[in-house]
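Presented below is the structure to which this report refers.
Protein chains: 2
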Amino acid sequence: MPKEKEKEKLVEAITDREKDFAQWYTDVVKKADLADYSEVGGCVIFRPYGYAIWELMRQQMDERFKATGHENVYMPLLITESLLQKEKDHVAGFAPEVAWITHGGQEKLTEKLCIRPTSETLFCSHYANLIQSYRDLPKLYNQWCSVVRWEKTTRPFLRTREFLWQEGHTAHATAEEAQEETIRMLNIYAEFCENVLAIPVMKGQKTESEKFAGAMATYTIESLMHDGKALQSGTTHNFGDGFARAFGIQYTDKNNQLQYVHQTSWGFSTRMIGGLIMVHGDNSGLVLPPNAAPVQVIIIPVAAHKEGVLEAAKAMQERLSKIVRVKMDNSDRSPGWRFSEHEMKGVPLRLEIGPKDLEKNQAVLVRRDTGAKTIVSLDAMETAAPALLTEIQANLLAQARQRLHERTYTAADAEEMRKILDASPGFVKAMWCGREACEDQIKEQTGASSRCIPFEQERISDVCVCCGEKAEKMVYWARAY
Amino acid sequence: MPKEKEKEKLVEAITDREKDFAQWYTDVVKKADLADYSEVGGCVIFRPYGYAIWELMRQQMDERFKATGHENVYMPLLITESLLQKEKDHVAGFAPEVAWITHGGQEKLTEKLCIRPTSETLFCSHYANLIQSYRDLPKLYNQWCSVVRWEKTTRPFLRTREFLWQEGHTAHATAEEAQEETIRMLNIYAEFCENVLAIPVMKGQKTESEKFAGAMATYTIESLMHDGKALQSGTTHNFGDGFARAFGIQYTDKNNQLQYVHQTSWGFSTRMIGGLIMVHGDNSGLVLPPNAAPVQVIIIPVAAHKEGVLEAAKAMQERLSKIVRVKMDNSDRSPGWRFSEHEMKGVPLRLEIGPKDLEKNQAVLVRRDTGAKTIVSLDAMETAAPALLTEIQANLLAQARQRLHERTYTAADAEEMRKILDASPGFVKAMWCGREACEDQIKEQTGASSRCIPFEQERISDVCVCCGEKAEKMVYWARAY
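Just so you know, the protein sequences line up as chains A and B, in that order.
Note that the working numbering has the first sequence beginning at 2, numbered continuously upward.
Note that the working numbering has the second sequence beginning at 2, numbered continuously upward.
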């Protein structure tokens, strides 16, 4: 009885978000058809709905990259061991977690290859060949690809052994230009998160111990999940001329002098699908902001066998398809079943149309974020549906902003920080002396790591939250994914 | 003197296509900035211009896939050894050429993993979990990714150890539906080649010895390169229920009976960038059909320092950008230098505008395919430029069709076939008895392999071109890449 089995599958509710956040997350991933597990431990299958969200994110981000002069390239998947080792901090950071290829076909390779964990070394080697003169600068390259890092504990989207991302790699004539690029891309990430994903972020610099392997400075956007944990949502790195010196990337300037280039890199990954789930989702499943929703409006004909209903639903789909991403679900399942399914999938707006609606030349629009119903004349749908989508997008961002605001605290000492984080986790603003020992101790005592040194500094006190000595910076701390 | 060096680089002509086709090909790849070599032997770097061509191809093909109901997914990069081995013909075909991963981070893996050479086994394993009932069918999945095959001899785009492609994988309730899908996708490939790439193709079935490892039947589109060699340009496979039996992919039909699904797969790769070069290119470099050209119109202001020239060029760029892919090259290099550079890159249409043109409110349009110049009033540009692009697209297809027609021969015996192929290579139509031994002997004697058994059969004679016994089929033979 396959039909019965399928019905059971749906009525079975997902885990309560407040009771077991981790299990709730896994339930949403599976039941919203976002991802599935694969035969290879720690790697997931992106199912059509999950991949469609990534396609939307990729497309909108790619437009932003191209509008700021970046070009897409594609570098090989494989890196020779000797190439990976050229920059010493970089190899120290990544070598412990790469996958090694030792055989090609039946033959043992003369030199081991690893699958790219990130592609700095490949870009540097290419730039060393490509860049000769100041005329060749800047080089503003990006690539969309997957990378592999041999993680021990994994969770769909948040931490997997293979993940999809984009990695930008740029080379500039001067240190100033490289720094400008590093901040420009951070701002693009932040704007994208807010306007597309409806996720507000904290912007700032990583501490020395949290920065990228080989970087001079790493910048980050950090967002707050519903369980009060932070998610590192995108990072940009200024390499100075460190990689250029290791790889010999030099150009002849206008005065005919040889100079090293200054480089940046920046990355944003499918982990933010996890962010979408954990920021907006609820006990009915996923809640997607319209700008990241593969289906923005789902049309559900009710009693579709009654005269005119299906035709009206189809006509509406045809009309709306010109302005929004719309689908119709006319399966033989009950309206309730179909309502739940598209709620689980986080479709922002449901359009119900039945015989009684048709008599009145109207339909019902139901918002996924608030559940609010609006009766709309069929003639006004091209205005009403997009207007509601705009409202939903704005509301999700406003709600997330409100939570971020409410759950950002200040602490004067580590004990206070621990209490806050135990009672109601979130970001804690606290002063820091600048020493790694204090970071380590705070982590041990509270479970919170330094998330960033925000650009907008406040002077909460004069002394470090840990050692009580002179404070250098205000830092955002949080327990994090 | 970097500027001097760059000038020299350009004036140095590429190898003559008729003298050394292979070297001419490599020159175009490098000098049109399509690809570069990487540190890992046999893997290339897709440079921005080469990757932009792939993006255009991908986008237009993806539209065709989605319009026929296919959905994109993403499967893991890695396959366990045991999974690869599940279908015996498949593993026999691919195991000799896969890259093996033995270590993750510092640890030896308990089971070897290979990088996907193709993803049948991953899709089958997923489908076995996913498909329960006839309601779950058909499954029409596709993915865009890279695959790795440890080839011994490589050439940019045509044969590399890593290449980009799409692979479609579908599961159907019946054998008829699977066969329909196999032919539908072959027709989409053929239509795409003709209408986007301006490359006419031969359609047909592969012989037993040329079919895909694990397939019941393989279909192919074959195109003719300028040197008279054939290029396999896309293949579709009908697996019957062979993989379904090996992986246990069963569904409950409407009568509550367990049935095996019937499957297909089909792939199209970056090798067709090589096809574009070898079908349309000439001794001035690449020639791109407008539908596959990242830049369709290049605007070259001449004497841009003269009053009004640059402004007029910019205004024209702004106007044309609404209807075509247009760029302006206002570098300080000579007009001649710039003309050559964009000819090398195969830009279909050049728009020259200088002070004298401006006086007459006109510009000169120069076609890349014929070199023909047209003087066009600036006011008429929105009509004239797209019209010329349409003509160029049609002309390139017509020329390629003409060559294909002229270089398709018939042969009665292997000796005649050899003579034809030595004198003026192309496709040779000849009858075949259906035995692999004859295929092998023809290959040995003439260097030509069976390319396909065309759908449109002709009865050239009654006997096999090789053994003289009763002929079963007419086959297209050619020396091939």
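Note that CB positions come from ideal geometry on N, CA and C, so glycine has one too.
Asked	Found
Chain B partners of A:Leu114, CB-CB under 9 Å?	Val41 and Ala100
Does the Cβ of A:Arg246 have 16 or more other Cβ atoms within 10 Å, making it buried, or fewer, making it exposed?	exposed
With a cut-off of 8 Å, does the C-beta of B:Ala481 fall near any C-beta of chain A?	no
Starting from A:Ser147, follow the beta strand (DSSP E) in both directions and report where the run begins and ends.	Lys140 to Val149
Span of the beta strand (DSSP E) holding A:Val367?	Gln363 to Arg368
Find out if the Cβ-Cβ distance for the pair B:Trp433, B:Gly268 is shorter than 8 Å.	no
Check whether the Cβ of A:Asp17 lies closer than 8 Å to any Cβ atom in chain B.	no
Taking B:Ala485 as the reference, which of B:Gln206, B:Leu225, B:Met226 and B:Gly435 has the closest Cα?	Outside the shown range of chain B (2 to 482) lies residue 485 of chain B, about which nothing can therefore be said.
Taking 8 Å as the cut-off, does the region 422-441 of chain A touch the region 366-385 of chain A (at least 3 CB pairs, one atom from each stretch)?	no
When DSSP labels each residue in this structure, what does B:Trp453 get in the three-state scheme?	The amino acid at residue 453 of chain B is misidentified as Trp; the sequence shows Cys. Strand.
So what's B:Thr154 in DSSP terms, helix, strand or just coil?	coil
In chain B, what lies closer than 7 Å to A:Gly268 by C-beta?	Per Cβ cutoff of 7 Å: no residues; A:Gly268 is ~17 Å from chain B at best.
Let me know the beta strand (DSSP E) ranges lying completely inside the region 345-405 of chain B, each 3 residues or longer, listed in chain order.	350-354, 363-368 and 374-378
For B:Val74, which of B:Ala415, B:Ile132 and B:Asn143 has the nearest alpha-carbon?	B:Asn143
Mind checking which residues open and close the alpha helix (DSSP H) that includes B:Tyr190?	Ala176 to Asn196
Quick check on B:Asn130 - is its C-beta less than 8 Å from some C-beta in chain A?	yes
So, for B:Leu110: in the same chain, excluding its five sequence neighbours on each side, which residues have a beta-carbon less than 8 Å away from its beta-carbon?	Ile102, Thr103 and His104
Using only alpha-carbon positions, find the residue among A:Glu152, A:Asp228 and A:Asp414 that is nearest to A:Gln24.	A:Asp228
What would DSSP say about B:Lys474, mapped onto helix, strand or coil?	strand
What is the rounded straight-line gap between the Cα of A:Gly51 and the Cα of A:Thr27?	13 Å
What residue from B:Arg480, B:Met475, B:Asp90 and B:Ser210 has the CA that sits closest to B:Glu437's CA?	B:Ser210
Restricting to Cα atoms, I'd like to know which of A:Glu88, A:Thr183 and A:Met279 is closest to A:Ala243.	According to the sequence displayed, residue 243 of chain A carries Gly and not Ala. Of the candidates A:Glu88, A:Thr183 and A:Met279, the one whose C-alpha sits nearest the C-alpha of A:Gly243 is A:Glu88.
Under three-state DSSP, which class holds B:Asp330?	coil
From A:Glu459, A:Asp463 and A:Ala479, pick the residue whose C-alpha is nearest to that of A:Ala449; which is it?	A:Ala479
Going by alpha carbons, who is nearest to A:Gln133 out of A:Gln258, A:Glu72, A:Phe340 and A:Leu225?	A:Gln258
With DSSP as the reference, label A:Pro302 as helix, strand or coil.	strand
Going by other Cβ atoms of all chains shown within 10 Å of its Cβ, with 16 needed for buried, is B:Pro118 buried or exposed?	buried
Beta-carbon within less than 6 Å of A:Ala33's beta-carbon, same chain only, minus the 5 sequence neighbours each way: which residues are those?	Gly286, Leu287, Met345 and Lys346
Under a CB-based cut-off of 8 Å, is A:Arg48 close to chain B?	yes
Considering only the alpha carbon of each residue, which of B:Cys194, B:Pro455 and B:Lys444 lies closest to B:Arg402?	B:Cys194
Measure the alpha-carbon distance for A:Phe95 versus A:Glu82 and round it to whole angstroms.	12 Å
Would you verify that the beta carbon of A:Cys125 is, or is not, closer than 8 Å to some beta carbon of chain B?	no
Could you name the residues of the same chain whose beta carbon sits closer than 6 Å to that of A:Gly309, not counting the 5 residues immediately before and after it, in chain order?	Leu359
For B:Pro77 and B:Ala172, what's the separation of their Cα atoms in angstroms?	19 Å
Would a check of beta-carbon distances place B:Glu470 closer than 8 Å to chain A?	no
Show which residues of chain B have a CB atom less than 7 Å away from the CB atom of A:Gly169.	Those do not exist, as A:Gly169 stays about 13 Å from chain B at its closest Cβ, beyond 7 Å.
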